[in-house]
Amino acid sequence: MSEDRLLTIEEAAQYLNVSKTSLRRWTKADRLPCLRVGVREERRFRQSDLDQFLSSSVNSVEPAVFSGANLPDRASADAVGRKAARHVALCFHDRDEFWKLFRPYVADHLEAGAPILCIHDENSRADMLTRFRDEGWDPDRLIADGMLKLLAPSEAYLRNGAFVPERMIDFMEAAILSWRASNHSQILISGEMTWYLSGAPGVENMIEYECQLNDLLVRYPNVTVACHYDTSRLNATTTLGALCSHPHVQLPDRFVPGYFQPAHPR
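Each residue of the sequence shown is one higher than the one before, counting from 1343 in my numbering.
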């Protein structure tokens, strides 16, 4: 897509992964430039302006953007929270830090009535249930209502005792389509990546899988995938792979762009 191409409001909303209402609000507030064309003065957006808007939002908003709390500017929160966090590597050093980073994603999706799939590892199923209960959420009810699924690596990444990237991509898409069939488009999928340390056949292809996942998410703009990297256990090479295979990275103190770039940008 040419950087100077004019996008309709529908195309711009899809590009930013926000609603048309948000775009109208931002243009009225002079936060996002637009052109007016035709007798109906319909909005048109330059891609370069959209990219600049995202860049300035990422650089100016603190990690609390995902909690929706204490934000001086919710427009920036929308831009970062809905666009930037589609495939994000959460990098942390211990379990409490893991939950501090992950909790806002859970809270935002539960508030929106969106389902959640958690593939846990270092945090056991019991640990995750306790975390939910401590926050005042009823995980048993969420599970019974089909709004929460908790799986071990052997039920997802390491089925049949091995990791196959294409098989896991199919697994992810099947989960997405199942919830979409129940009229859910906004979905949160998370996975703890310490299963990589299991030594199971195929784990060396984990970063290849992460790159392929970006292609999958192009087709599902309302799905967020949060991959959890325990940097106290995963070595520097693996952590670098995570940074290079994710468009965005959540660090303990800030949210930053990752190094992934598609081979053929849209």
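Glycine included, each C-beta is placed from N, C-alpha and C at the ideal position.
On the CB-based measure, 16 or more other CB atoms within 10 Å of its CB, does residue i come out buried or exposed?
i	result
Tyr1601	exposed
Val1560	exposed
Asp1393	exposed
Ala1486	exposed
Ala1454	exposed
Gly1533	buried
Ala1516	exposed
Gln1592	buried
Asp1587	The amino acid at residue 1587 is misidentified as Asp; the sequence shows Ser. Per the 10 Å Cβ criterion, buried.
Val1567	buried
Pro1495	buried
Pro1589	buried
Leu1459	buried
Thr1579	exposed
Leu1365	buried
Leu1519	exposed
I believe residue i touches residue j by the beta-carbon criterion, under 8 Å. Please report the beta-carbon distance rounded to the nearest angstrom.
i	j	result
Ile1531	Val1565	7 Å
His1429	Leu1555	6 Å
Ala1498	Ile1529	With a Cβ gap of about 15 Å, Ala1498 and Ile1529 do not count as contacting.
Glu1464	Thr1536	5 Å
Arg1501	Glu1477	Actually they are not in contact, since the Cβ atoms of Arg1501 and Glu1477 sit about 30 Å apart, beyond 8 Å.
Leu1443	Arg1467	So it is not a contact: roughly 20 Å between Cβ atoms.
Less than 6 Å between C-beta atoms, sequence neighbours within five positions excluded: which residues of the same chain meet that for residue i?
i	result
Trp1479	none
Gly1583	Ile1549
Met1301	Shown here, the chain extends from 1343 to 1608; a query on residue 1301 therefore has no answer.
Leu1348	Arg1386
For residue i, which residues of its own chain have a beta-carbon under 8 Å away from its beta-carbon, when the five flanking residues on both sides are left out?
i	result
Thr1369	Pro1375, Cys1376 and Arg1385
Asp1346	Arg1388, Gln1389 and Ser1390
Gln1356	Pro1563
Pro1543	Gly1503, Ala1504 and Phe1505
Kindly list the residues whose CB is nearer than 7 Å to the CB of residue i, restricted to its own chain and excluding five residues on each side of it in sequence; keep chain order.
i	result
Leu1539	Arg1575
Arg1475	Pro1481
Trp1441	Arg1473
Arg1483	none
Ala1354	Leu1365, Phe1387 and Leu1392
Could you tell me which residues DSSP pairs with residue i in its beta bridges?
i	result
Ser1532	Cys1460 and Ala1568
Leu1349	Phe1387
Arg1378	Arg1385
His1590	Val1430 and Pro1599
Lys1362	Answer is none; Lys1362 lacks a bridge partner.
Leu1493	Ile1461
Report yes or no: do three or more beta-carbon pairs, one from the segment 1544-1553 and one from the segment 1493-1510, lie closer than 8 Å? yes
Report yes or no: do the segment 1428-1440 and the segment 1567-1581 share at least 3 C-beta pairs separated by less than 8 Å? At 8 Å Cβ cutoff, the stretches touch.
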